[in-house]
Every structure is written in structure tokens, then in C-alpha cells.
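Asker:
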Amino acid sequence: MQLWKGRFQKALSKTTNDFNSSISFDSRMYKEDIEGSIAHATMLGKCGIIKEEEAEDIVKGLKGIEKDIENGDLKIDMECEDIHTFVEGELTKRLGDNGKRLHTARSRNDQVALDIKLYLKKEAVNLKEMLGKLVEVLCNKAEEYSDTVMPGYTHLQRAQPITFGHHLLAYAEMFLRDISRIDDCRKRMDEMPLGSCALAGTTYPIDRNMTASLLDFERVTNNSLDGVSDRDHCMELASALSIVMVHLSRFSEEIIMWCSWEFKFVELDDAFSTGSSIMPQKKNPDIAELVRGKSGRVFGDTMTLLTVMKGIPLAYNKDMQEDKEAIFDAVDTVKMCLTAFTPMIETMKVLPDNMRKAAAGGFINATDCADYLTKKGVPFRDAYKATGELVAVCIEKGTTLEELPLEEYRKICDVFDEGVYQAITLEKCANDRKVLGGPNSGNVKAQAQRIKKLLEKN
Ligand code: ARG
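Numbering-wise (my numbering), the sequence shown opens with residue 1428 and increments by one.
Below, the structure written as C-alpha cells:
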């Protein structure tokens, strides 16, 4: 079914109709479409553009349609061109002429722009909540493992001792930025486009601010061409979600490594692992791998949106119908990933002994050994060189800085004394990094508390 039959003599061919139609994917916006129409009709009535009784009849009719869709009495007709066509057609079936009055001072162009914004504003809140839950889980785990020593890495080479809590909170910071990015995006899209009509606004004396406040929008769009042709909110949300996926993917990569026998820093709960059909010993981190893999979809969605938008002249062009599948897929994918990822982190078993063992190899206290000399007055570059030589001695003897006898230390630099062993204990090395933002256990706990308070305010 189409709304624009007047000037046509023939119906669309079946294949063209299928190609042209968006109802298979925009029917998910039926609630937003009805909500928008209710506000529009109410405003038309209040402004005297249609009669108040007509508006009331329309509102009642729309509510009835919504209820019937919800309880399964009304099936959305997939032969319709789009959800806007379906709702208006159904309303007209039910009300006759009053149904036909709804589209006064409106176009599907501003209607679709409105529906997407209403839909995405809700999803932005859902996404923020889901990310908030993940951050909370990370904070709780970080508090629990605030003094668990592990190696920190650069170039995937053991570098300096940190705490596991500190490592987890690095991700909490990333997801906090994601939350604020999504929130920024939600605020920017909080502009109501209805009244832009097809592209040039309308001669009817409509009250756009009234419609905006009925729909809980912060403000109205200020240019009718922009109102119908802007899809920044889709591109921006998809971009923000791409960054979420980068973070989830990096984290997944670490989880996957940590689950390997080479690391064995964590073990995932059975409920979040899979086995192999041939290798009985296998316990695979499929969930983390899927999250890592699904990042590609969301990046692709972002690229789709940018490409769809980049070459189209003002104002509406049908190309823009392609926005929905991309942004819906990005939103759905991130939600699906978070639904699996958060409980996977919450239930994973942390293996502090293995982290401690890994921290004991790889000379990750070498910087602290050099700092020890520096604190005794040796210039840092000399201390650095002396420690490098000590590491070489250890490698040759197959030992560690902790186990190397004092004479060996003193052969390289006579400033060393017994105190060096205390200075290079891994726990001390991690915990003495009390600098703001450092891995010290007290810091980690304080940061976790700060973040949790921040979440409460959000
Ligand atoms: N189904 C269309 C879309 O998703 C709605 C707007 C149609 N407007 C038009 N003039 N064809 O973009």
C-alpha cells in the first residue's frame, strides 16, 4: 500500500515494491510513529487546524492501533511501503475522513526524522544504563583485587608491576567516556523536526514548540531543510558505538589471552565458555571472541551511514532510508555484546597466584631497582645503565633481581646495600606508585568509589 497514488495509473510491480519498501525494518518504530502522530494531531487540534473533536478521535484511534499491535490483534502489513504508511492507512480504515486529516502539515520526511530521533533517544538511555552496569561490575572487581600484583605490559612485554584492580579500572575509564559520548549525542539529537514537513515548512499556523514539549524534546530544529535531511544523530551514535566496540574488543582480546595456558590469569565461568567437538580438553572463550569479531559490524555500520550521507543534496532523498538498518544493527549489536560481556566479567575467576608468578619473571622491578640507586644520589641514566647490566647478569645466571646475591650487585655499583631487596619486592613496587592515577591499592579503591558515585549521579 502506498500513500501517493493520485497521479499514478499503475501499481508498483511486486519486486519494485519490495525493493522500495522499508517496513521490514522500520516497523520496529511503530510506537514512536504513533507517539509522534498523537502529538501532531493534538497540536493540530489545539491550534484549530483541525477540530478538537477530530483530533480526539484521531488520538483515540492511534491509541487503539497501538494497543492492538501490542496484544497481537493487529498484524503490521508487510506489503505497506513503510510504518508511516501502515499506521495512517490503518487509522483511515478505522476512522474514515478523520484518519485522512492526520497528515495535515506533515510529511513522511519529517515523520521519519522524528521517529528515528525518538527511537534513538530511548536507545541511548538503554545503552548508557548497560554500560553503567559494566562499569559497576568493573569497580566491584577492582576493589576486590585492588592489591593483586600483576605485570603491566608494553609491546606485550612485561614492563612494570601494577595491580589487577588498576588494570580493570583502565577499562572503567574508557566505558565512562563512552557513556558521556552517548549522552552528548543524545543531547544533540534532542531537537524536534516535525513542522519541517517535506522540506519547506508549512503555511499552516502550527505550534512546533507545543509538539516538541508533548514529545518531551528539549527544543525544535531551526531549519526545515536541515530538519528533514539531518542524520548526524545516526552517524554520531554509530561513531560513539564504534568506539565502545573498540574498547570491548581490546578488553576481549586481553580476556582471550588471559584464558590461555600461556597466561592463565583468569578462568571464565562454564556458562560463558564453550568446548571443542574434537578436543576434549578445550575450554574456549568464544563469547569474548565473538565480541571482538562483532566490532567489525559496528564499524561497517558507521561506514555505511557516512557513505550514504556524503553525496546527497538537500533535502530528503530515498538514499536516507538506508540509515535505519545500519544504525539499528549498530545499536542491537552493542546491546547484544554487553548482555553477554558484563556477566562474563562478573563471573570470571581471577587467578592471583598466576598473575604473581608472571610478575616475578621478566624483571618488571628493574625500573624500581634503578630508582633505588637514584634515590641514593646516583644520576638516573647511570642507575639505568647499572640496572641493565644487572639484568644481563641475571639472564646469564638464570636468576632474578630478587635472588641475585648482593656481591653481584656491588660488583656493578657499590652504592647497593641490603636495602635493595626491600626496594624491589613486587608488592612494594606496585604499592609505592601512589601517584594520582597509579596502581596503589588505596588509589584503586578510592577510584572505584569515585566512579561508583559518578554512576549514581548519572
Ligand atoms: N521510508 C522512508 C524512509 O525510511 C520514509 C520517508 C519517505 N519519504 C519519501 N518522500 N519517500 O526514509
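Using N, Cα and C, we set each Cβ at its ideal position, and we do this for glycine too.
Quick one: grab the DSSP three-state call for Met1577.
Answerer: The count along the sequence shown starts at 1 and reaches residue 1577 at position 150. In this structure, Met1577 counts as strand in the three-state DSSP scheme.
Asker: By DSSP, does Arg1585 sit in helix, in strand, or in coil?
Answerer: Here residue 1585 corresponds to residue number 158 of the sequence shown, with the count starting at 1. Reduced to three states, the DSSP call for Arg1585 is strand.
Asker: Since Arg1646 contacts Ala1551 with CB under 8 Å, what's their CB separation in whole angstroms?
Answerer: Working through the sequence shown from its first residue, we reach residue 1646 at position 219. Working through the sequence shown from its first residue, we reach residue 1551 at position 124. Rounded, the Cβ-Cβ distance is 17 Å, inconsistent with contact.
Asker: Can you grab the Cα-Cα spacing for the pair Leu1717 / Val1761, in whole Å?
Answerer: Here residue 1717 refers to the residue found at position 290 when the sequence shown is read from its first residue. Here residue 1761 refers to the residue found at position 334 when the sequence shown is read from its first residue. Using only the alpha carbons, I get a separation of about 12 Å.
Asker: Ordered along the chain, which non-local residues of its own chain (more than five positions away) have a Cβ less than 7 Å from that of Val1564?
Answerer: Stepping through the sequence shown from its first residue, residue 1564 is reached at position 137. For Val1564, where only same-chain residues beyond five positions count, the Cβ hits under 7 Å are Thr1769, Ile1772 and Glu1773.
Asker: Rounded to whole angstroms, what is the Cα-Cα separation between Thr1531 and Lys1490?
Answerer: The residue you call residue 1531 lines up with position 104 of the sequence shown. The residue you call residue 1490 lines up with position 63 of the sequence shown. Thr1531 and Lys1490: Cα-Cα distance of roughly 19 Å.
Asker: Using a threshold of 7 Å, is the CB atom of Ser1449 nearer than that to any non-hydrogen atom of ligand 1?
Answerer: Residue 1449 sits at position 22 when you count from the first residue of the sequence shown. It does: the Cβ of Ser1449 is within 7 Å (strictly closer) of some heavy atom of ligand 1.
Asker: Need the endpoints of the alpha helix (DSSP H) that Ser1451 sits in, please.
Answerer: Here the question's residue 1451 lines up with position 24 in the sequence shown. Run containing Ser1451: Ile1450 to Asp1453, per the alpha helix (DSSP H) assignment.
Asker: Do Ile1609 and Lys1560 have their beta-carbon atoms positioned less than 8 Å apart in this structure?
Answerer: On the sequence shown, residue 1560 is found 133 positions in, with the first residue counted as 1. On the sequence shown, residue 1609 is found 182 positions in, with the first residue counted as 1. Going by C-beta atoms, Lys1560 is not nearer than 8 Å to Ile1609.
Asker: Straight-line CA distance for Leu1547 to Pro1620?
Answerer: As a first step, residue 1547 is located in the sequence shown; it is residue number 120 there, counting from the start. As a first step, residue 1620 is located in the sequence shown; it is residue number 193 there, counting from the start. Using only the alpha carbons, I get a separation of about 14 Å.
Asker: What is the C-beta distance between Leu1831 and Cys1821, in whole angstroms, given that I count them as a contact (C-beta under 8 Å)?
Answerer: One-based indexing of the sequence shown puts residue 1831 at position 404. One-based indexing of the sequence shown puts residue 1821 at position 394. 6 Å between Cβ atoms; contact.
Asker: Whole angstroms are fine: how far does the CA of Met1672 sit from the CA of Met1557?
Answerer: Working through the sequence shown from its first residue, we reach residue 1557 at position 130. Working through the sequence shown from its first residue, we reach residue 1672 at position 245. Those two C-alpha atoms are separated by around 14 Å.
Asker: Rounded to a whole number of angstroms, what is the C-alpha to C-alpha distance between Glu1497 and Ile1543?
Answerer: Along the sequence shown, read from residue 1 onward, the residue named residue 1497 stands at position 70. Along the sequence shown, read from residue 1 onward, the residue named residue 1543 stands at position 116. Between Glu1497 and Ile1543, the C-alpha separation is close to 20 Å.
Asker: Taking all protein chains shown into account, decide if Cys1826 is buried (16 or more other Cβ within 10 angstroms of its Cβ) or exposed.
Answerer: To locate residue 1826, count along the sequence shown from 1; it is residue 399. Rather than Cys, the amino acid found at residue 1826 in this sequence is Thr. Thr1826 comes out exposed.
Asker: Quick check on this structure: which residue in Gly1815, Glu1570, Ser1454 and Gly1526 has the alpha carbon closest to the alpha carbon of Gln1874?
Answerer: By one-based count along the sequence shown, residue 1874 stands at place 447. Checked all of Gly1815, Glu1570, Ser1454 and Gly1526; the closest Cα to Gln1874 is Glu1570.
Asker: Using the Cα positions of Leu1529 and Ala1482, report the straight-line distance between them to the nearest angstrom.
Answerer: As a working note, residue 1529 is residue 102 in the sequence shown. As a working note, residue 1482 is residue 55 in the sequence shown. Taking the straight line from one Cα to the other gives about 8 Å.
Asker: Pop quiz: Leu1733 and Met1662 are said to be a contact at Cβ under 8 Å. What is the actual Cβ separation, rounded to whole angstroms?
Answerer: For the purposes of this step, residue 1733 is taken as the residue at position 306 of the sequence shown. For the purposes of this step, residue 1662 is taken as the residue at position 235 of the sequence shown. Indeed, because the Cβ distance is near 6 Å, the residues count as touching under 8 Å.
Asker: Is it buried or exposed for Asn1870, if we count other Cβ within 10 angstroms and need 16 for buried?
Answerer: If you number the sequence shown from 1, residue 1870 lands on position 443. Asn1870 should be labelled buried.
Asker: How many Å lie between Leu1471 and Ile1633 at the Cα?
Answerer: To locate residue 1471, count along the sequence shown from 1; it is residue 44. To locate residue 1633, count along the sequence shown from 1; it is residue 206. Rounded to the nearest angstrom, the two C-alpha atoms are 7 Å apart.
Asker: Nearer than 7 Å: is that true of the beta carbon of Asn1536 relative to any heavy atom of ligand 1?
Answerer: Taking the first residue of the sequence shown as 1, we reach residue 1536 at position 109. Within the cutoff, so yes.
Asker: Please name the residue in Gly1433, Lys1691, Glu1680 and Tyr1743 whose C-alpha comes closest to that of Val1777.
Answerer: On the sequence shown, residue 1777 is found 350 positions in, with the first residue counted as 1. Of Gly1433, Lys1691, Glu1680 and Tyr1743, the residue nearest in Cα terms is Lys1691.
Asker: Taking the straight line between their C-alpha atoms, what separation do you get for Glu1517 and Asn1525?
Answerer: As a working note, residue 1517 is residue 90 in the sequence shown. As a working note, residue 1525 is residue 98 in the sequence shown. Straight-line Cα distance between these residues: approximately 12 Å.
Asker: Along the chain, where does the alpha helix (DSSP H) containing Gln1874 start, and where does it finish?
Answerer: Locating residue 1874 in the sequence shown gives position 447, where the first residue counts as 1. Here the alpha helix (DSSP H) through Gln1874 covers Ser1868 to Lys1884.
Asker: What do you reckon, are the CB atoms on Pro1712 and Ile1683 nearer than 8 Å?
Answerer: The residue labelled residue 1712 in the question sits at position 285 within the sequence shown. The residue labelled residue 1683 in the question sits at position 256 within the sequence shown. Yes.
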